[in-house]
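See below for the structure under consideration.
Chains as they are written, first to last, in the working numbering: chain P, 1 to 169; chain E, 1 to 169.
This is the structure we're talking about:
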């Protein structure tokens with residue numbers, strides 16, 4: 001009898017795990033996987049949708065804003081994204097101290113492209129809405145670009161971004 | 001004995017459904033559910049992230065753009081969203097013929113608030129980047145507002161939006 005119970009239990013476990021799988025990846029209506037705002041840059045972070053939204057949050061919560069420009073079919077963006085998402089240190093600091101926004105299309109604000117429009121590039125914005133053009137990566141031609149090996153530079157730049165330009169906030 | 005088996009099965013069902021719940025909602029890293037761009041307005045649609053992106057797609061694909069302004073804690077937005085997402089007719093037409101964007105924060109473009117900023121409101125934009133201020137809902141005070149009972153009006157407005165203002169496109 002114990003065997004019967006065990007086999008019934010096994011069948012039930014198998015059935016329930018089979019039934020659950022499609023639910024995890026399939027939206028309720030339709031066949032496409034819903035697009036996420038994180039786009040792989042950190043699923044557990046709370047991402048702003050637009051620059052306007054990000055500026056609002058940055059001011060309201062007195063946190064600096066990190067804006068990432070990237071493209072899905074750019075290998076440099078993809079390599080940086082992987083290292084970025086897998087760095088617990090970066091993810092933890094962003095979650096605690098930053099407002100985050102990732103964009104695949106440029107905004108109309110020219111202050112977000114001080115040395116041109118390219119990907120990947122990362123800019124910081126002060127809660128006073130000042131773009132921190134002084135916080136740059138290690139490359140002289142595209143000064144807001146980072147490679148996957150530049151996570152250390154990015155981390156120290158994040159620390160710099162946390163020291164606000166205008167302390168009267 | 002049958003009683004024993006049944007109760008064991010019941011316990012297992014209860015345990016497995018408890019165990020399964022977190023898996024469905026937990027992203028690979030971290031504990032939060034990844035934010036989606038659809039926000040419940042239609043998971044199978046391809047949503048633009050920003051107004052700039054939406055305008056780019058609208059021009060490139062020669063499709064009119066629908067912009068929905070809403071708030072998560074607004075009961076009128078929630079009621080409209082439910083009917084909107086459950087209307088196969090609306091979802092099908094949007095998927096085939098429109099670029100879609102839903103926003104919880106206002107843009108800096110004043111053309112998207114011809115009679116003020118309120119939610120829910122729906123505006124259409126031509127592929128020529130002209131905001132179709134002529135396509136209005138049934139209310140005289142907030143002319144771009146729709147209630148959940150106004151799906152018929154919305155559908156006929158969508159048909160109107162598909163007739164471009166500038167045919168030289």
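From the three backbone atoms N, C-alpha and C, an ideal C-beta is built for every residue, glycine too.
Neighbours of residue 47 of chain E in chain P, taken as residues at a C-beta separation under 7 Å, are given in chain order as 35. Going by C-alpha positions, residue 133 of chain E is about 7 Å away from residue 123 of chain E.
Secondary structure remark: continuous alpha helix (DSSP H) runs of at least 4 residues inside the stretch 88-124 of chain E, in chain order: 88-97. At least 8 Å separates the beta-carbon of residue 69 of chain E from that of residue 100 of chain E.
Around the beta-carbon of residue 72 of chain P, fewer than 16 other beta-carbon atoms lie within 10 Å, marking it exposed. Rounded to whole angstroms, the separation of the alpha carbons of residue 80 of chain P and residue 146 of chain E is 43 Å. Closest in C-alpha terms to residue 154 of chain P, from the list P:110, P:91, P:57, P:60, comes P:91. Interface residue (Cβ-Cβ distance to chain E less than 8 Å): residue 105 of chain P is classified as such.
The closest CA to that of residue 104 of chain P, considering only P:163, P:164, P:40, P:33, is found on P:40.
Judged by DSSP secondary structure, residue 37 of chain E falls outside any beta strand (DSSP E); it is assigned neither H nor E. Sorting P:115, P:62, P:43, P:66 by C-alpha distance to the C-alpha of residue 140 of chain P places P:115 at the top.
At a cut-off of 8 Å between C-beta atoms, residue 148 of chain P does not count as an interface residue with respect to chain E.
Going by DSSP, residue 80 of chain P is part of the alpha helix (DSSP H) stretching over 75-86.
Put simply, the CB of residue 92 of chain E is far from chain P, with every gap to its CB atoms at 8 Å or more. Here residue 149 of chain E is exposed: its Cβ has fewer than 16 other Cβ atoms, across all protein chains shown, within 10 Å.
In the DSSP annotation of this structure, the continuous segment of the alpha helix (DSSP H) that includes residue 56 of chain E starts and ends at 51-61. Excluding sequence positions up to five before and after residue 83 of chain E, its CB lies within less than 7 Å of the CB of 148, 151, all in the same chain and listed in chain order. In the structure shown, the three-state DSSP call for residue 154 of chain E is helix. In the DSSP assignment, residue 66 of chain P falls within the beta strand (DSSP E) that extends over 65-69.
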